[in-house]
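In my numbering, the protein residues as written are 0 to 295. Ideal placement from N, C-alpha and C gives every residue a C-beta, glycine not left out. Just so we're clear, the structure is a prediction, and the values are computed from it rather than from any experiment.
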């Protein structure tokens, strides 16, 4: 398939080269390289041009981005997928617990990437896995997958600029403060491949804002809403454990399975501007069944 996009050049963009204009849109070097080599990858008013072509007001700039090769090493595996939204550029998926987002050592056929490879194979469409946002294997909820090079490039830039807004829900042991901010650097724990810890000396800056939504006195546990300023590995899990309110069911930081058998963490809300249409998108995934014990 080929993704074709058309742009009408206004007075503000007049005088820019096609490459300058596309870079301002968020095209990466890889995307521009692909457009330069694709047949009629860049045209102006129906005529193929080089990326150095200078644009004029009223020009119709059209880019054609071919997507015709699938990931050869990704085995399609049938999987139930909860697809919240899909268009020609991206998908928003409500990921289930126990599903890694991409293949890794020990996870080669049970990942979201494998499930999506199967989904697109059934449609007879090429598929290259481009996860813009990632969740731990046992964290549930919303994440974004880009469907082409251009949307992947633009969404990745948006993520780096913190323009993709996300709210998590978590169950934390004990009664947390009504609200608070945890500003504590996080580093890999020495001697461990995956475990992280708060480390003021070696750690990278990590900031988490939280707000208590309710406290279940019977369980001595809180439901909290969390928002991240940074995206460190295991950030919420490490930060909440560091203030004495770990997430139950977390095999690394709180292996207490009396309430739940995986870390009680869910990507609840997602909001961002569509990279192509510029429409504001808002999504919400309700609290999963295995976390609803906090409401009872």
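- Assigned with DSSP and collapsed to three states, residue 150 falls in helix.
- DSSP places residue 72 outside any alpha helix (DSSP H), giving it a letter other than H or E.
- Of the candidates 174, 5, 241, 160, 174 places its Cα closest to the Cα of residue 217.
- The shortest C-alpha to C-alpha distance from residue 271 to any of 97, 156, 65, 78 is the one to 156.
- Excluding the 5 residues flanking it on each side, residue 290 has same chain C-beta neighbours closer than 7 angstroms at 170, 259, 263, 265, in chain order.
- For residue 6, there is no enclosing alpha helix (DSSP H); the residue is part of the beta strand (DSSP E) that begins and ends at 1-7.
- Fully enclosed beta strand (DSSP E) runs of no fewer than 3 residues occupy 139-145, 164-172, 178-182, 185-187, 195-197, 206-215 of the region 128-216, in order along the chain.
- At the C-beta level, residue 100 and residue 111 come within 7 angstroms of one another.
- In this structure, residue 256 keeps its C-beta atom at 7 angstroms or more from the C-beta atom of residue 245.
- The continuous beta strand (DSSP E) containing residue 84 extends over residues 82-85.
- For residue 109, no beta strand (DSSP E) encloses it, and the DSSP letter there is neither H nor E.
- Out of 95, 247, 102, the CA that lies nearest to the CA of residue 286 is found in 95.
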